[in-house]
Each structure stands twice: as structure tokens, then as C-alpha cells.
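**Q**
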Amino acid sequence: MSDDMAWTRRPAQYEAPQIDTGVPHSARVYDFILGGKDNYAPDREAAEQMLAGWPSLRVSMRENRTFMHRAVRFLAEQGIDQFLDIGTGIPTSPNLHEIAQGVLPSARVVYVDNDPIVLAHAGARLNSTPEGRIAYLHADLRDPEAIVRTPELTDTLDLSRPVALSIIAVLQFITDDQQAYRLVKQYLDLLPAGSWLVLSTVTVDSSPEPIGEVVAEYTKRGMPARNRTKAEVEQFFAGLDLVEPGVVLVHSWRPAPGTEGDVLDSEVAMYGGVARKA
Ligand SMILES: C[S@@+](CC[C@H](N)C(=O)[O-])C[C@H]1O[C@@H](n2cnc3c(N)ncnc32)[C@H](O)[C@@H]1O
Numbered sequence: 049m050s051d052d053m054a055w056t057r058r059p060a061q062y063e064a065p066q067i068d069t070g071v072p073h074s075a076r077v078y079d080f081i082l083g084g085k086d087n088y089a090p091d092r093e094a095a096e097q098m099l100a101g102w103p104s105l106r107v108s109m110r111e112n113r114t115f116m117h118r119a120v121r122f123l124a125e126q127g128i129d130q131f132l133d134i135g136t137g138i139p140t141s142p143n144l145h146e147i148a149q150g151v152l153p154s155a156r157v158v159y160v161d162n163d164p165i166v167l168a169h170a171g172a173r174l175n176s177t178p179e180g181r182i183a184y185l186h187a188d189l190r191d192p193e194a195i196v197r198t199p200e201l202t203d204t205l206d207l208s209r210p211v212a213l214s215i216i217a218v219l220q221f222i223t224d225d226q227q228a229y230r231l232v233k234q235y236l237d238l239l240p241a242g243s244w245l246v247l248s249t250v251t252v253d254s255s256p257e258p259i260g261e262v263v264a265e266y267t268k269r270g271m272p273a274r275n276r277t278k279a280e281v282e283q284f285f286a287g288l289d290l291v292e293p294g295v296v297l298v299h300s301w302r303p304a305p306g307t308e309g310d311v312l313d314s315e316v317a318m319y320g321g322v323a324r325k326a
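Counting from 1, position 136 in the sequence shown corresponds to residue 184 in this note's numbering; the numbering is continuous, with no gaps.
As C-alpha cells, then:
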């Protein structure tokens with residue numbers, strides 16, 4: 049681990065987490081579908097089953113990832129240099145800090161995930177610029193207060209200045225709606241005015257039957273998941289100022305020039321949006 053990376057394991061008397069390779073895990077299924085190597089046979093089997101049911105799943109996940117790139121670049125270009133990324137996933141270059149620090153080398157990022165395999169790879173793969181700083185928290189997102197008050201976070205992010213909160217492709221795993229809305233609000237309440245929310249999550253609006261089967265497959269394999277309608281996703285942004293084009297399928301969120309029309313709506317199962325807290 050480099051000096052510019054703070055490292056935490058919570059709670060204080062933390063036992064090294066075990067990677068359970070006998071059952072699929074969402075981070076490793078996602079890693080496999082994105083072409084990564086940090087996955088095991090049950091992850092690959094689950095992923096193959098899902099891809100057989102809906103081959104566009106790979107397109108959808110890639111589009112989600114490039115949505116993250118565009119949204120983070122957009123925010124860095126607005127001068128946002130602090131990011132809190134909840135549900136980071138197994139490091140996949142370019143990671144969020146590479147995008148942010150590519151624009152603002154002094155950008156600071158706190159990553160949070162509760163999967164032991166993400167923890168295992170974070171130290172080696174999440175390397176900051178010398179001017180910037182990164183911290184990684186192994187924690188469950190369902191405790192916003194504890195996460196935001198953790199010393200490693202407060203040593204890394206200045207909470208008197210705007211922070212971009214990113215919760216990308218994670219809330220489908222928080223199946224209780226009221227809990228999901230409450231969590232996003234709790235995080236935002238802990239951040240100052242001028243902070244931002246970048247969020248994406250699963251929908252079946254665009255291709256109901258095959259995506260519905262993928263969501264059912266996640267649930268059947270011990271990873272309960274939930275899809276949401278556009279109105280349900282918009283509710284995460286209640287009280288915030290959504291920037292154009294609002295909540296849209298992720299490939300349609302400010303697509304890179306010349307890429308419009310490359311991907312069909314029916315190939316994408318994620319809604320995303322970016323909004324500012326006034
Ligand atoms: C589909 S991946 C998304 C990764 C990344 N945000 C992206 O969009 O490329 C979902 C991630 O959320 C993490 N996750 C799921 N539930 C979580 C929880 N309760 N607390 C923290 N992380 C969680 C998983 O471990 C996984 O790494």
C-alpha cells in the first residue's frame with residue numbers, strides 16, 4: 049500500500065474477512081461479465097446462466113461502467129475534487145479515482161465496499177496520484193453515519209466542502225425501497241450543500257422479460273436483487289437538482305460525441321442520473 053492511501057478495516061476489532069468461493073457474489077459476477085479475472089467457478093456459472101438468458105447483460109454492464117466515467121469526468125470538470133464511492137466493486141481500470149484525478153490530480157476518493165475480494169485487491173490496485181489521496185473502507189453501506197464519521201474518511205475528505213456521492217449499480221441489492229431511499233437521504237444529509245449524487249440502478253423498463261429473468265437469477269442464487277421503474281429511480285433524486293438529461297438509461301446520459309445510437313435501449317437495464325444538492 050502506498051503512503052497516499054489510507055486503509056481501514058471496521059469495526060476496530062476486525063477479523064480478516066473470508067472470501068467464500070463456494071457461492072456466487074455480485075462483485076465477482078460483475079467482474080466476470082466485464083472480462084475480469086477475479087472470480088470463481090460459482091460466479092462464472094451464475095454469470096453464464098444470466099448471459100444465456102439475456103446476452104445484452106454484458107453490454108448493459110459496460111454501459112453502466114462508462115456512465116460512471118462520463119459522470120465523474122463531468123463533476124471533476126465542474127471542480128468537484130472529493131468523491132465518496134459506495135459499492136466500489138473489484139477494481140477495474142479506469143477506476144473512479146483515475147477518471148477524477150485525470151482531470152484534477154489532487155482529487156481525493158474514499159471507496160467503500162463490503163466484499164472481502166474487493167478489500168483483497170484494493171491495496172494493490174487503487175493507487176493515487178502523489179497530489180491526491182485515496183482511502184478504502186471495508187464496510188456495509190447500510191450504516192451511513194458510521195461510514196461518514198470514520199476517521200479514515202474524515203482524514204481524506206473535507207466535509208465542509210462539496211463531495212460527490214456515487215452509488216453506482218448497487219441499490220438493486222437493497223431490495224427494501226424505504227430503506228434504499230432512506231439510505232441515500234442519510235448520506236446526502238451528512239454532506240454539505242453543493243454536494244452531488246451520481247446513481248444508477250437496475251430497471252426492467254427497457255426489456256422486461258429477459259432482464260426480469262436475470263434479476264430472478266441473482267435472487268435465486270442468494271443475491272436478492274430488485275429492479276425499479278423510472279419513477280422509482282427518480283425518487284432517489286427527490287429534493288435535488290437533476291442535471292440534463294435527468295434520469296435516463298445510462299447509455300443516454302451525455303453520450304460521448306459520435307457514440308449516439310451505438311447501443312439500443314433494449315440492451316441496457318440501468319437507469320442513471322446526476323444531481324446537485326442545493
Ligand atoms: C455490480 S457491483 C458495482 C460496482 C461499481 N459501483 C460499478 O458500477 O462498476 C456492486 C457492488 O456493490 C457492493 N455491495 C453490495 N451490497 C453492499 C453493501 N450492503 N455494502 C457495501 N457494498 C455492497 C458489492 O460488493 C459490489 O462490489
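In this text, a Cβ means the ideal position worked out from N, Cα and C, and glycines have one as well.
(1) Are the stretch 189 to 201 and the stretch 227 to 235 touching by the rule of at least three beta carbon pairs closer than 8 Å?
(2) Cβ of F285 versus every heavy atom of ligand 1: is any distance shorter than 8 Å?
(3) Secondary structure at Y184, three-state DSSP: helix, strand or coil?
(4) If you draw a straight line from the C-alpha of K85 to the C-alpha of D79, how long is it?
(5) So for Y88, helix, strand or coil by DSSP?
(6) I want to know whether the stretch 130 to 137 touches the stretch 297 to 316 - three or more CB-CB distances under 8 Å.
(7) Mind checking D338: buried by the 16 CB within 10 Å criterion, or exposed?
(8) The alpha helix (DSSP H) with G171 in it runs from where to where?
(9) Quick one: give me the first and last residue of the beta strand (DSSP E) that L132 is part of.
(10) Kindly provide the ranges of any alpha helix (DSSP H) runs that are 4 or more residues long and lie completely inside the stretch 239 to 314, ordered along the chain.
(11) Return the residue from the list G287, Y319, E315, L288 that minimises the CA-CA distance to R302.
(12) Between which two residues does the beta strand (DSSP E) containing S41 stretch?
(13) Any idea if A60 is buried or exposed, counting beta-carbon neighbours within 10 angstroms, 16 or more meaning buried?
(14) Determine the DSSP secondary structure at V160, reduced to helix, strand or coil.
(15) Looking at the secondary structure, which residues open and close the alpha helix (DSSP H) in which A323 lies?
(16) Using 10 angstroms around the beta-carbon of Y62, count the other beta-carbons present and answer buried if the total reaches 16, otherwise exposed.
(17) Is D289 buried or exposed, if buried means 16 or more other CB atoms sit within 10 Å of its CB?
(18) Looking at ligand 1, does it come within less than 8 Å of R190, judged from the CB to the closest heavy atom?
(19) Which residue's Cα is closest to the Cα of L297: V218, A183, F284, K278?
(20) Near S243, which residues of its chain fall below 6 Å by C-beta distance, leaving aside the five closest residues on each side in sequence?
(21) Label G287 either buried or exposed according to how many other C-beta atoms from any shown protein chain fall within 10 Å of its C-beta, with 16 as the threshold for buried.
(22) Output the distance between the C-alpha atoms of P103 and A95, rounded to the nearest integer angstrom.
(23) How many Å lie between D52 and A155 at the Cα?
(24) Tell me which residues share the same chain as R118 and place their Cβ nearer than 6 Å to its Cβ, disregarding the 5 neighbours each side in the sequence.
(25) Determine the burial state of V71: buried for a count of at least 16 other Cβ atoms within 10 Å of its Cβ, exposed for fewer.
(26) Following the continuous alpha helix (DSSP H) through Q126, name the residue where it begins and the one where it ends.
(27) Reducing DSSP to helix, strand and coil, say where N143 ends up.
(28) In terms of alpha-carbon separation, which member of A124, G321, S108, A168 lies closest to I147?
**A** Concretely, from the data shown:
(1) yes
(2) no
(3) strand
(4) Straight-line Cα distance between these residues: approximately 7 Å.
(5) coil
(6) As far as the Cβ criterion goes, the stretch 130 to 137 does not touch the stretch 297 to 316, which means the pair count is below three.
(7) What the structure shows of the chain is the stretch from 49 to 326, and residue 338 is not part of that stretch, so it cannot be assessed.
(8) 164 to 173
(9) 130 to 134
(10) 256 to 268, 278 to 282
(11) Y319
(12) Because the chain is modelled from 49 through 326, residue 41 falls outside the range shown and cannot be assessed.
(13) With a pLDDT of 39 at A60, under the threshold of 50, the modelled position of that residue is not reliable, and no figure is offered here.
(14) strand
(15) It is not in any alpha helix (DSSP H) - A323 instead sits in the beta strand (DSSP E) that spans 318 to 324.
(16) For Y62, the predicted model reports a pLDDT of 46, less than 50, meaning its position is unreliable; a value from the coordinates is still stated below. Under this definition Y62 is an exposed residue.
(17) exposed
(18) yes
(19) Distances from the CA of L297 to each of V218, A183, F284, K278 were compared; the closest alpha carbon is that of K278.
(20) P210, V211, K325
(21) exposed
(22) 10 Å
(23) At D52, the pLDDT of 49 sits below 50, so the modelled position is not reliable; the number obtained from the coordinates is stated separately. Cα-Cα distance, rounded: 12 Å.
(24) R302
(25) exposed
(26) It is not in any alpha helix (DSSP H) - Q126 carries neither H nor E in the DSSP assignment.
(27) coil
(28) A124
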